[in-house]
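There are 2 protein chains.
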Amino acid sequence: MNSVRKALLVLEAVADHQPVGVSELASQLAQPKTSVQRALATLRDAGWIRPSAGERTRWELTFRAGRLARKAGSHFGLREVVLPHMEELRRQTDETVHLAVYDDSEVVLIERLESPHAVRHVEPLGGRASMLVTATGKAILANLPEDEVNVIYEATCVREEAGMFIPMKDALAQELAEVRLLGYATTSSWRDGVFATGVAITGPSGNPIAALSISTPETRSSDESRRKHALLLLEHAGQINEKLG
Amino acid sequence: MNSVRKALLVLEAVADHQPVGVSELASQLAQPKTSVQRALATLRDAGWIRPSAGERTRWELTFRAGRLARKAGSHFGLREVVLPHMEELRRQTDETVHLAVYDDSEVVLIERLESPHAVRHVEPLGGRASMLVTATGKAILANLPEDEVNVIYEATCVREEAGMFIPMKDALAQELAEVRLLGYATTSSWRDGVFATGVAITGPSGNPIAALSISTPETRSSDESRRKHALLLLEHAGQINEKLG
DNA sequence: ATTATTGTTCCACAATACGGTACATAATAC
DNA sequence: GTATTATGTACCGTATTGTGGAACAATAAT
């Protein structure tokens, strides 16, 4: 189904450049204008894109992808199961609680409950981050087979954004072993002045599908609070895994 | 491009039933098993779905749709532009601030900053609601041409969930006229005990693409706070529209 | 043991996606 | 002002490609 492939590529190209016209897309994708036009018409008929007002037809996404996204990375409505636990975690800690899934060698923040404190750590929803340095990312990595970890490691190196810290391969392996032992991951090297603790959420298959984390400003972080956060996360993750199983 | 249409239907069916097998999908969609299987293989190759572990092959979504969704309803990164204003609004009001887009005759909550108060209004991200009774929905409707409003009205009536309040058509028209005059919409008939004020965000084309709202428990709501919220929203919406233009 | 259901492969047929060419309109250059 | 490029859209004959019935092995239900 070549046409499907092309149509999906067109869809993603529209997402990246919206609002955008046929010709620009065609040159971007190195495809004949006619083919792109056909794909656009089909995607419009299917309700995934719409022409924005104006003389020259510019294409933009509808929210149809959003309907899917709500369910992506979540068998059985991950969010519905996890959200109550996130509320409880915040109540118990008064700190910011994050839920992230992994996609394309990165973690993606899909839900967040914020600390009530004036000083707090805020990340944008939908934001992406390296798996090698975040608490959520390392918690997930620790539950993946070694070869997949390697793939992700390489992919992260390739991406290699400026100023990004990438741990040595053996240092990472050692840390992941420790994470497996403890059951949770921590980081203070992701955002300056933020200490985070994370645990993986594994579906019924045992594969990690998401991770929960608690972030605190280092000024509010102590040995005691770190222990408390780790314990709470482990407890809730256990209950969540139970519910998903 | 019939195949594209079918593939997209399969994709959405997978989203609705994941994890799900070929046969169930085929009967669900009333399509020959072979066609569905072909579509699944293509979607897998394209990276939109993956087989979940297990003997019998069950299909589930990857997070690829999520990548699109982040950009849906937002040319020029709507969220990036709006988020700082939401932060400022919450700082100024200490109340919950919502950002919603509209899709398929409903409003969808895509970003939320919560009130620091113990008593606060919390809606789930990605949640959907009628446009006819929400502050965000009415703010958007007031900026749409009359015929589109009618389409949405009819669609909402058809959906007709149990216990859902649907205003009379002329009452709605009158209210929307008032919203156009004031520039903002209010509601207290959406969630019991919650008063909300909303304004539309119109892109460069003048079409409404999203809406901002402030929600407060009625116990904390007064004539003064309502005036304040409306003014702040209008001010910020103006600045946002400026930036988008 | 028997039956129903599932995921998967094969294949001949024709439907349909393909992309070159063409045309009209709107920005741009001169 | 005209000339020129770039853009969105329509047409059309060819063969590439998607189509769905039938058959298969393997599991689950009876």
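These protein sequences, in sequence, are chains W and V.
Take 155 as the starting number for the first sequence in my numbering and just add one per residue.
Take 155 as the starting number for the second sequence in my numbering and just add one per residue.
Think of the CB as a built atom: it goes at the ideal place given N, C-alpha and C, for glycine as much as any other residue.
| Check | Outcome |
| --- | --- |
| Nearest-angstrom Cα separation, counted from W/ALA254 out to W/THR288 | 11 angstroms |
| Alpha-carbon to alpha-carbon, V/ILE368 and V/ALA391 | 12 angstroms |
| Pairwise C-alpha distance: W/LEU330 and V/VAL348 | 46 angstroms |
| DSSP-derived helix/strand/coil call for W/ARG381 | helix |
| Cβ of W/LEU253 within 8 angstroms of any chain V Cβ | no |
| Three-state class that DSSP yields for W/PRO321 in the structure shown | coil |
| Amino acids of chain W, ordered along the chain, whose beta-carbon sits closer than 8 angstroms to that of V/ARG159 | THR196, ASP199, ALA200 |
| Any chain W beta carbon closer than 8 angstroms to V/MET155 | yes |
| N-terminal and C-terminal residue of the alpha helix (DSSP H) that W/SER271 is part of | Checking the displayed sequence, the identity of residue 271 of chain W turns out to be His instead of Ser. It is not in any alpha helix (DSSP H) - W/HIS271 carries neither H nor E in the DSSP assignment. |
| Residue interval of the beta strand (DSSP E) (run including V/GLY352) | 348-356 |
| Three-way DSSP call (helix, strand, coil) for W/ASP257 in this model | strand |
| Chain-ordered neighbours of W/ARG192 on chain V, where CB pairs are closer than 8 angstroms | MET155 |
| CB contact below 8 angstroms: V/LEU366 versus chain W | no |
| Spatial neighbours of W/LEU336 in its chain, beta-carbon cut-off 7 angstroms, leaving aside the 5 residues before and after | none |
| 7 angstroms CB neighbourhood of V/SER284 in its chain, flanking five on each side removed | GLU260, GLY291, THR310, MET318 |
| As assigned by DSSP and simplified to three states, the class of W/ALA331 | helix |
| Simplified DSSP state of W/ARG245, which is helix, strand or coil | helix |
| Residues in the segment 170-192 of chain V having any Cβ partner in chain W nearer than 9 angstroms | ASP170, GLN172, PRO173, ARG192 |
| Proximal residues to V/SER343 (C-beta, below 7 angstroms), its chain only, five neighbours per side dropped | VAL287, PHE319 |
| Short CB-CB distance (under 8 angstroms) between V/ALA223 and chain W | yes |
| Buried or exposed by the 16-neighbour rule on C-beta atoms within 10 Å, applied to V/LEU201 | In the sequence on display, residue 201 of chain V carries Gly and not Leu. With fewer than 16 Cβ atoms within 10 Å of its Cβ, V/GLY201 is classed as exposed. |
| Interface partners of W/PRO371 on chain V, CB under 7 angstroms | Ordered by position in chain V, no residue passes the 7 angstroms Cβ test against W/PRO371, which lies about 16 angstroms from the chain. |
| Where V/THR351 falls, given that 16 or more other Cβ within 10 Å makes a residue buried | buried |
| Cβ-Cβ distance between V/LEU263 and V/ARG244 below 8 angstroms | no |
| Coil, strand or helix - W/GLU302 by DSSP | helix |
| Near-chain V residues of the segment 290-301 of chain W - C-beta to any C-beta below 7 angstroms | none |
| Bounding residues of the beta strand (DSSP E) (the contiguous stretch that carries W/LEU366) | 362-371 |
| Cα-Cα separation between W/ARG381 and W/TYR307, rounded to whole angstroms | 29 angstroms |
| Segment contact flag, the segment 237-251 of chain V with the segment 216-224 of chain V, C-beta cutoff 8 angstroms, min 3 pairs | no |
| Beta-bridge partners of V/ALA283, as assigned by DSSP | V/VAL261 |
| Near-chain V residues of the segment 236-270 of chain W (beta-carbon distance less than 7 angstroms), N- to C-terminal order | LEU237, VAL255, ASP257, VAL262, GLU265, GLU268, PRO270 |
| Proximal residues of chain V, C-beta to C-beta of W/GLU166 below 9 angstroms | ARG218, ARG221, LEU222 |
| W/HIS229 burial status per 10 Å Cβ neighbour count (16 or more: buried) | Confidence in W/HIS229 is poor, its pLDDT being 46 and thus under 50, which makes the residue's placement unreliable; the coordinate value appears in the next sentence. W/HIS229 is buried by the Cβ-count criterion. |
| Three-way DSSP call (helix, strand, coil) for V/ARG159 in this model | helix |
| DSSP state of W/THR196 mapped onto helix, strand, coil | helix |
| W/ASP214, DSSP secondary structure in three states | It should be pointed out that residue 214 of chain W corresponds to Glu in this sequence rather than to Asp. Here W/GLU214 sits in strand by DSSP. |
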